[in-house]
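Notes follow the structure.
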Amino acid sequence: MPSFQSVFLATLIVAFGLKLWLLLRQMRHVWSHRDAPPDAFLGIIPIEEHRKAAAYTLAKARLGLVHLALEAGLLLFFTLGGGLQWLHDILAVRLDNPLLAGAALLLGLGLISAAAELPLGAYGQFRVEARFGFNRQTPAGFVADLAKQALLGLALGGPLLLLVLWLMGVMGTAWWLWVWGVWMGFNLLILAVYPTFIAPLFNKFTPLADQGLRERIERLLARAGFKSSGVFVMDGSRRSSHGNAYFTGLGKNKRIVFYDTLLSQLTPEQIEAVLAHELGHFKHRHIVKRIGLMFVLSLVMLALLAALKDAGWFYQGLGVASQTNALALALFFLTLPVFLFPLSPLMSLYSRKHEFEADAFAAALTHPGHLVSALVRLYRDNAATLTPDPVYSLFYDSHPKAVERIGKLESYTQVSQPLQPIQA
Ligand SMILES: [Zn+2]
5 MPSFQSVFLA TLIVAFGLKL WLLLRQMRHV WSHRDAPPDA FLGIIPIEEH RKAAAYTLAK
65 ARLGLVHLAL EAGLLLFFTL GGGLQWLHDI LAVRLDNPLL AGAALLLGLG LISAAAELPL
125 GAYGQFRVEA RFGFNRQTPA GFVADLAKQA LLGLALGGPL LLLVLWLMGV MGTAWWLWVW
185 GVWMGFNLLI LAVYPTFIAP LFNKFTPLAD QGLRERIERL LARAGFKSSG VFVMDGSRRS
245 SHGNAYFTGL GKNKRIVFYD TLLSQLTPEQ IEAVLAHELG HFKHRHIVKR IGLMFVLSLV
305 MLALLAALKD AGWFYQGLGV ASQTNALALA LFFLTLPVFL FPLSPLMSLY SRKHEFEADA
365 FAAALTHPGH LVSALVRLYR DNAATLTPDP VYSLFYDSHP KAVERIGKLE SYTQVSQPLQ
425 PIQA
């Protein structure tokens, strides 16, 4: 039987080899199509904009190559390189409470990883995004965001980790069911408080002021039977000129959020179409399905962790000599993504299916043409590539390729009965 260490190393080589191959494919494909937008976009997206999207995609992909090397380096450092054992030894000497030492180990792991990725994040924001005219963030704002994220991580993550580690220690063999319950509760709590307590730490939210647009939106919401606690505008322009829209929260606490950048990019009809797409996600219960899936998957993961937690080969194979609950959690969540990466096309496929469903809903509720023109505008303004590599796209794209998405929307306009915007 091969040792677990060689299985881990082989999987690591396959997963990172695959990631590298995909990224290089994407770069080659985008580069070779930089002068050739898809036929459907000829004359719609100016060639300079198409070239800009290619250059932007390539610049981000080059950063992705560095990130890949960093990711592999960190993983090897913490596991076989002895990084986790080193961190464990330092903390075990200084903190005599094993719960505190365990939580500190996991927070320390997060902190070291974040610090290692910081230069790349800053380079991406202040060089790459800035070069293409997307950056609106100041260095002071960047640092303030980091500080807030770190404090929030500590305030939410600290107590959660202490509780999880405590349950792992005292609940016997059924600990993983208790942890699962806590994890579900924590996620639901975050979802519920995100719009009112967490998001406002980072952005300003103001009720949509434009009277005409608000009435239009309220008519659309009534037509879709959607109850929310309001339509808000977020000052996304503080950080970036990329535009977006989303809805957030649970139950009556649901909010629709438009980035101010999106509102300035689109016409009222287009904004309505984008909102209708978001409502499509709601009507098809995509968020509930995702949460349900996440709960099932986390139960499976925890059952697996329960089986590994007391297996000496699991620790030794990953370069750790001591066995503690915190080390088990650290090793598990560090290495799990490596084993799961080959499955990512499944998640992406699931997500793209939802996007098609939301588009179909928007096409029926408003007019397909409005969503098409909104998407074209957003592809252009965000310099999103129209020519991704098909295999790369299979793995990574949560949204269908531009050509497929627009093609599908246009097919809705060709049904015998021309679609009309539904009257309230
Ligand atoms: Zn969507």
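Using this note's numbering, the first residue of the sequence shown is number 5, and each one after it goes up by one. We put the CB at the ideal spot given by N, CA and C, even for glycine. Just so it is clear, the structure is predicted and the values come from calculations on it, not from any experiment.
Do residue j and residue i come within 7 Å of each other at the CB atom, strictly closer than that value?
i      : j      : result
Ala332 : Trp180 : no
Val34  : Thr61  : yes
Leu78  : Ala120 : yes
Thr389 : Ala57  : yes
Arg259 : Thr252 : yes
Phe336 : Gly284 : no
Leu212 : Val237 : yes
Val407 : Ala44  : yes
Leu111 : Ala105 : no
Gln141 : Gln153 : no
Gly1   : Gln89  : Here the chain covers residues 5 to 428 and nothing more, so residue 1 does not appear.
Ala108 : Leu166 : no
Ser352 : Asp314 : no
Leu103 : Leu169 : yes
Arg381 : Gln269 : yes
Leu224 : Gly247 : no
Pro349 : Leu398 : yes
Ile49  : Arg384 : yes
Arg4   : Arg55  : This structure cannot speak to residue 4, because the chain is shown only from 5 to 428.
Val235 : Tyr250 : no
Trp182 : Met175 : yes
Ala367 : Leu413 : yes
If you reduce the DSSP assignment to three classes, tell me which class residue i lands in.
i      : result
Arg409 : helix
Arg38  : coil
Val18  : helix
Phe209 : strand
Ser244 : strand
Arg259 : strand
Ala249 : strand
Phe230 : coil
Met351 : helix
Met238 : strand
Leu270 : coil
Ser377 : helix
Ala388 : coil
Leu254 : coil
Thr370 : coil
Tyr416 : helix
How many angstroms separate the CA atom of residue i from the CA atom of residue j?
i      : j      : result
Asn207 : Ser241 : 10 Å
Leu345 : Arg356 : Position check: residue 345 holds Phe in this sequence, whereas Leu was assumed. Each residue's alpha carbon lies about 18 Å from the other.
Leu301 : Leu308 : 11 Å
Ser377 : Arg289 : 26 Å
Glu276 : Pro372 : 11 Å
Ile202 : Lys23  : 33 Å
Gly162 : Gly255 : 27 Å
Arg29  : Tyr263 : 33 Å
Asn386 : Gly173 : 49 Å
Leu306 : Asn191 : 15 Å
Leu72  : Tyr354 : 25 Å
Val324 : Phe299 : 29 Å
Phe81  : His92  : 14 Å
Ala63  : Val132 : 7 Å
Val147 : Phe209 : 21 Å
Glu75  : His403 : 25 Å
Pro143 : Gly137 : 16 Å
Lys293 : Val186 : 20 Å
Phe318 : Ala134 : 44 Å
Going by Cα to Cα distance, which pick from the options is closest to residue i?
i      : options                        : result
Thr271 : Ala362, Lys357, Leu192, His374 : His374
Leu27  : Pro50, Pro394, Glu414          : Pro394
Ala226 : Leu205, Ala280, Met31          : Ala280
Leu122 : Gly85, Leu67, Thr83            : Leu67
Within the stretch 106-141, ranges of the beta strand (DSSP E) (whole runs, at least 3 residues): If we require 3 residues or more, the stretch 106-141 turns out to have no beta strand (DSSP E) run fully inside it.
Uninterrupted alpha helix (DSSP H) stretches inside the stretch 291-329 (no shorter than 4 residues): Given a length threshold of 4 residues, each whole run of the alpha helix (DSSP H) inside the stretch 291-329 is given here in chain order: 316-321.
Entirely enclosed alpha helix (DSSP H) segments - the stretch 138-198, minimum 4 residues: The qualifying runs are 143-174, 179-197.
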